[in-house]
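Notes follow once the structure below has been shown.
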């Protein structure tokens, strides 16, 4: 009886392994967002570690997805003013494109 | 990228001062809030700079397994939802391997299940349990209809 139950467990495990292997061939979006960069095309061979010629930072990435619901402004601050800035200061951002 | 000019703003208190026509008063109590009072001759913004508006969360989405891309379901600018499949890698090989194993799996599962059920009912199911070796496994599953009826017989006898 133990052997038969083990056979069932083993068969179930094999089903899970196969299901997982198939699921791993799907690439899913990690969060709601917008594709801001497409880094691969249909027919290309991809690997989790990137391919020769690809920047190491991209490491096998096929797309860059950004969550545009939360934005931040990155700006450079001179040494003269950095001491005057503190947390939670109000600031106004003007976008040239949306005047 | 969008150019952005960041300019310092005023707090409620500073704004109130301006509407009164008085110069903004800087006190230690409100200093952390008041950045500057624009409009006044001495009230310059603390910082005026240009920069970039960027997404707080962005990620380079990669693949978990290597292979050839069978389909891509996005272009630049496509909105995607969490968990949505945005690309697929060819998996005909996995499908084929699974299909090759499927009859055997089904056979061995039903036979093993029958064995287990029979055993639970206390029947003397020594034979098929002993036959669960991997080599025999394959044979047994090929003959799964016969095996099933044998197992059913055992159940009936119990």
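Protein chains in written order, with our numbering: chain X, 1 to 99; chain L, 1 to 158.
Beta carbons are placed, not taken as given, at the ideal position from N, Cα and C, and that holds for glycine.
When the five nearest sequence neighbours on each side are left out, no beta carbon in the same chain lies closer than 7 Å to the beta carbon of residue 5/X. Taking the beta carbon of residue 83/X as reference, no residue of chain L falls within 7 Å; the closest one sits roughly 10 Å away. In the three-state DSSP reduction, residue 50/X falls in the coil class, being neither helix nor strand. Across the structure, residue 16/X and residue 49/X are spaced so that their CA atoms are roughly 25 Å apart.
In chain order, 34, 35 make up the part of chain X whose C-beta sits under 7 Å from the C-beta of residue 77/L. For residue 82/X, the enclosing alpha helix (DSSP H) covers residues 79 to 82. Separation of residue 62/L and residue 89/L (C-alpha to C-alpha, rounded to the nearest whole angstrom) is 12 Å.
The C-beta distance from residue 65/X to residue 58/L rounds to 7 Å, short enough to fall under 8 Å. Within the region 40 to 108 of chain L, the runs of beta strand (DSSP E) at least 3 residues long that lie entirely inside it are, in chain order, 48 to 62, 67 to 72, 85 to 89.
Nearest to residue 45/X by alpha-carbon distance, out of 65/L, 55/L, 92/L, is 65/L. Annotation for residue 12/X: no residue places its beta carbon closer than 8 Å to its own, counting only its chain and skipping 5 residues before and after. In the DSSP annotation of this structure, the continuous segment of the alpha helix (DSSP H) that includes residue 16/X starts and ends at 2 to 23. For residue 63/X, the chain L residues whose C-beta falls within less than 7 Å of its own C-beta are 61, 74, 86, listed in chain order. Between residue 75/X and residue 49/L, the CB-CB gap stays under 7 Å.
As a beta-bridge residue in DSSP terms, residue 27/X pairs with 87/L. Neighbours of residue 67/L in chain X, taken as residues whose beta carbon is under 9 Å from its own, are 25, 45, 46, 47 in chain order. Each of 31/X, 26/X, 67/X, 91/X was checked against the Cα of residue 69/L, and the nearest Cα belongs to 26/X.
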